[in-house]
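Worksheet for the structure shown next.
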Amino acid sequence: MKNLILFFFLLVFSTSGFSQWSTNPAVNNLVSNVSGNHQLVATCPDGAGGIIMAWEDNSGSSVKIKAQKINVFGQPVWASGGISVCLSGFDQLTPSICTDAAGGAIIYWADFRTGGGSFDFYAQRIRTDGLIMWNSNGIKVNNLSASSLLYQTKCIAAEAGSSIILWGDIGSYKFYTQKLDAFGVRVWDAADVLLSSNWQSYFDLCYDGGKGAFYCWSELTGSAFDLFAQHVNALGNIQWSPRKTVSDEAYFQYYPVMCEDQAGGFIVAWNDLRSFIYTPLTPSWDIYAAHFNSAGDNLWTLNGIPVCTNLKDQYAATCISDLHGGAHIFWIDFRSVGVSGYSIFGQNVDFNGNAHWTFDGKKIADKVDYFVTSEGDFKRQIAGCDALGGAIVCWMGYYDAGLTQYGLLTQKIDYSGNTQWDPNGVFASTGSLKKHPSLIFDGGSGGCNIAWTDARSGNFNIYAQHIKSNSALGNNKPKPVYTGTKDIISQNYPNPFNPTTNIAFTLANDAKVSIAIFDMSGRELQVLVDGFVTAGDHSVTWNASNYASGTYFYKFTNGNNVEVKKMFLVK
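Residues are numbered in the working numbering as their position in the sequence shown, beginning at 1, plus a constant of 16.
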């Protein structure tokens with residue numbers, strides 16, 4: 017049996033050995049190489065520098081969710097054209113995805129197999145080698161079916177193998193959350209955790225660092241929409257009664273976006289229209305932000321601090337941790353319309369609410385195609401932070417002032433707000449007919465991986481591209497298949513780190529593996545891997561946002577083989 021597995025492993029890598037990341041922005045890497053239309057791609061990292069994608073596949077009689085993994089060398093790891101995550105014959109829509117912290121992914125989608133115009137949420141876990149882990153038709157997540165008017169879902173990774181999903185039903189204007197463990201078991205309230213039964217709208221969530229999540233949403237109160245927040249702990253219990261008011265300022269507060277603050281709390285930014293009341297002759301959408309700790313205390317000004325209140329409109333905010341206790345906030349800005357089109361601006365706000373870049377935001381890009389860049393969930397043009405607290409932004413638009421060179425452009429910004437690449441951006445892909453970009457960092461290398469929908473060949477297909485930290489398009493070369501007889505456990509990277517680090521290991525044979533984290537006293541803090549793992553290269557990520565600076569150890573165990581290595585968390 018082991019010889020058969022090894023043969024399959026060698027076959028996969030020998031057939032994909034000639035593929036690698038494209039170095040030509042007019043070519044890129046085609047992911048969905050089958051007929052039909054493919055769109056709404058969502059992405060997560062594989063923990064080893066690669067990218068995992070899930071998308072809607074409309075090549076048959078019904079819409080299916082498919083998935084593919086491309087490793088750090090640009091090689092597709094799973095079946096050609098992608099793996100079907102569910103074999104049901106009914107429509108499957110709007111995938112969301114998060115890492116399983118073991119090289120694979122957990123994928124959620126809206127599923128219409130119930131009939132009658134309603135849908136349920138299903139989930140599937142795919143192992144790092146492409147093996148479907150749960151029921152072939154997926155695991156049903158929700159207790160009550162929702163109406164057919166779906167408007168938002170989001171999932172995040174929790175502890176190893178576990179994930180948390182948040183979903184809404186525009187028919188009832190209620191929204192719920194649920195947690196699945198590594199085996200697909202619903203571990204919170206059997207009836208799901210109801211976060212709000214009032215007329216609510218857009219919402220977001222982020223990890224609390226302790227196996228639960230923080231939530232923020234916009235809710236109708238009288239004639240205005242205000243922002244509220246809630247905390248659900250690891251056991252699925254509501255923590256704040258009553259819920260916390262983030263902002264009940266006049267008129268509308270919309271589209272909250274959240275990130276961890278590296279200290280057990282969260283930062284949230286949103287679109288705000290309070291100027292409609294205070295400056296009725298020149299009202300505009302502005303960007304505001306707030307900061308709450310784990311106890312629900314508001315650490316900044318009541319109703320939020322102004323991030324940008326320029327007289328022109330600001331839309332589609334994104335909030336990502338800067339790894340130093342604050343946040344980078346980016347948005348689409350209308351102040352350049354009529355001169356060079358829409359723009360992307362950004363601002364860094366520290367733990368105490370102080371802005372560190374240009375007043376009212378630093379311009380990151382102009383000549384931006386707002387109607388494509390902000391399409392879908394309004395949050396897909398931004399990646400997370402790299403190991404040094406920088407960010408990468410991507411958008412659709414023009415490179416040149418003559419508006420002749422169009423495509424998917426990217427820019428890297430360091431922690432201090434300095435742009436690192438070409439002032440006009442770097443092309444990830446040239447040409448038109450692109451939409452729904454989704455971008456992630458590639459790990460400790462400081463580059464990124466991007467996936468998007470592209471109709472260059474007539475039908476919409478999924479393409480991907482790697483961009484290195486120096487802005488060159490990726491040309492990583494695959495390393496030889498490991499043929500040794502010993503397991504290899506690598507030093508974590510980056511090291512020192514804040515707050516995440518990757519631990520790579522290579523197995524000579526299929527084996528039961530454990531990787532656990534310990535502090536200086538020898539107390540076990542977390543188990544990252546505990547189960548059967550196939551032969552080959554693997555990587556897991558440890559998020560230490562809930563721990564203090566200091567020295568930590570990770571212990572790799574495979575039968576009688578035990579190795580311990582030291583690592584340093586510096587905040």
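The beta carbon of each residue, even a glycine, is placed where N, CA and C say it ideally should be.
Cβ pair count under 8 Å reaching 3, the region 89-109 against the region 41-48: At 8 Å Cβ cutoff, the stretches touch.
Three-state secondary structure (DSSP) of Phe534: Stepping through the sequence shown from its first residue, residue 534 is reached at position 518. Strand at Phe534.
Rounded separation between Thr120 and Asp62 - CA only: Position 104 of the sequence shown, counting from 1, holds the residue named residue 120. Position 46 of the sequence shown, counting from 1, holds the residue named residue 62. For the record, residue 120 in the displayed sequence is Gly; it is not Thr. One C-alpha to the other measures close to 6 Å.
Option in Ile148, Phe572, Asp338 with minimal Cα separation from Ala279: What you label residue 279 is simply residue 263 of the sequence shown in a count that begins at 1. For Ala279, the nearest C-alpha among the options comes from Asp338.
Simplified DSSP state of Thr550, which is helix, strand or coil: For the purposes of this step, residue 550 is taken as the residue at position 534 of the sequence shown. It is coil, neither helix nor strand.
Own chain partners of Ile155 with C-beta closer than 6 Å, once the 5 adjacent residues on each side are dropped: As a position in the sequence shown, residue 155 is number 139, starting the count at 1. Hits under 6 Å: Ala139, Gly200.
Exposure label - Val586; buried when at least 16 CB within 10 Å: Along the sequence shown, one-based indexing puts residue 586 at 570. Classification for Val586: exposed.
CB of Thr469 within 8 Å of CB of Lys450, strictly: Walking along the sequence shown from the start, residue 469 turns up at place 453. Walking along the sequence shown from the start, residue 450 turns up at place 434. Their beta carbons are under 8 Å apart, which means Thr469 touches Lys450 by this criterion.
Outcome for Val580 when other beta-carbon atoms lying within 10 angstroms are tallied against a minimum of 16: Counting from one through the sequence shown, the residue named residue 580 turns up at place 564. With fewer than 16 Cβ atoms within 10 Å of its Cβ, Val580 is classed as exposed.
Per-residue burial, Lys528 [other beta carbons within 10 Å of its own, 16 or more giving buried]: One-based indexing of the sequence shown puts residue 528 at position 512. With fewer than 16 other Cβ atoms within 10 Å, it is exposed.
Inter-residue Cα distance where the pair is Thr522 and Gly433: By 1-based counting over the sequence shown, the position of residue 522 is 506. By 1-based counting over the sequence shown, the position of residue 433 is 417. Going from the Cα of Thr522 to the Cα of Gly433 covers about 38 Å.
Which of helix, strand or coil DSSP assigns to Val93: As a first step, residue 93 must be located in the sequence shown, where it is residue number 77. Val93: coil per DSSP, three-state reduction.
Limits of the alpha helix (DSSP H) - the one that Val353 falls within: Residue numbering aside, residue 353 sits at position 337 when the sequence shown is read from its first letter. Per DSSP, Val353 belongs to no alpha helix (DSSP H) and is neither H nor E.
Residue of Thr567, Gly76, Gln36 minimising C-alpha distance to Gly538: For the purposes of this step, residue 538 is taken as the residue at position 522 of the sequence shown. Out of Thr567, Gly76, Gln36, Thr567 has the C-alpha closest to the C-alpha of Gly538.
Asn577 to Met69 span [Cα, whole Å]: In the sequence shown, counting from the first residue as 1, residue 577 sits at position 561. In the sequence shown, counting from the first residue as 1, residue 69 sits at position 53. One C-alpha to the other measures close to 34 Å.
Environment of Phe572 [buried if 16+ CB atoms lie within 10 Å]: Here the question's residue 572 lines up with position 556 in the sequence shown. When all chains shown are included, Phe572 counts as buried.
Three-state secondary structure assigned by DSSP to Asn576: Translated into positions along the sequence shown, residue 576 becomes position 560. In the structure shown, Asn576 sits in coil (DSSP, three-state: anything other than H, G, I, E or B).
Extent of the continuous beta strand (DSSP E) to which Ser445 belongs: Along the sequence shown, one-based indexing puts residue 445 at 429. That run of the beta strand (DSSP E) goes 442-446.
For Val590, the three-state DSSP class (helix, strand or coil): The structure shown has nothing for residue 590, since the chain only spans 17 to 587.
Separation of Ser487 from Gly552, as counted between CA atoms: Here residue 552 is taken as the residue at index 536 of the sequence shown, counted from 1. Here residue 487 is taken as the residue at index 471 of the sequence shown, counted from 1. Gly552 and Ser487: Cα-Cα distance of roughly 30 Å.
Identity of the residues DSSP links to Phe346 by a beta bridge: What you label residue 346 is simply residue 330 of the sequence shown in a count that begins at 1. Answer is Thr334, Gly362.
Member of Gln507, Ser77, Ser300 whose CA lies at the smallest distance from the CA of Ala520: As a first step, residue 520 must be located in the sequence shown, where it is residue number 504. When each option's Cα is compared against that of Ala520, the closest is Gln507.
Beta-bridge pairing of Met583 - partner residues as DSSP gives them: Counting from 1 along the sequence shown, the entry for residue 583 is found at position 567. According to DSSP, which records beta bridges pairwise, Met583 is partnered with Tyr568.
Outcome for Gly474 when other beta-carbon atoms lying within 10 angstroms are tallied against a minimum of 16: The residue labelled residue 474 in the question sits at position 458 within the sequence shown. In the assembly as shown, Gly474 is an exposed residue. Its beta-carbon has fewer than 16 other beta-carbons within 10 Å.
Buried/exposed call for Pro439, threshold 16 Cβ in 10 Å: Position 423 of the sequence shown, counting from 1, holds the residue named residue 439. By the 10 Å Cβ count, Pro439 comes out exposed.
Of the listed residues Gly459, Val545, Thr144, Gly281, nearest to His307 (C-alpha basis): Residue numbering aside, residue 307 sits at position 291 when the sequence shown is read from its first letter. Residue Gly281 is the option with its Cα nearest to His307.
Selection from Asn326, Tyr304, Cys410 that minimises the alpha carbon distance to Val442: Here residue 442 corresponds to residue number 426 of the sequence shown, with the count starting at 1. Closest by alpha carbon: Cys410.
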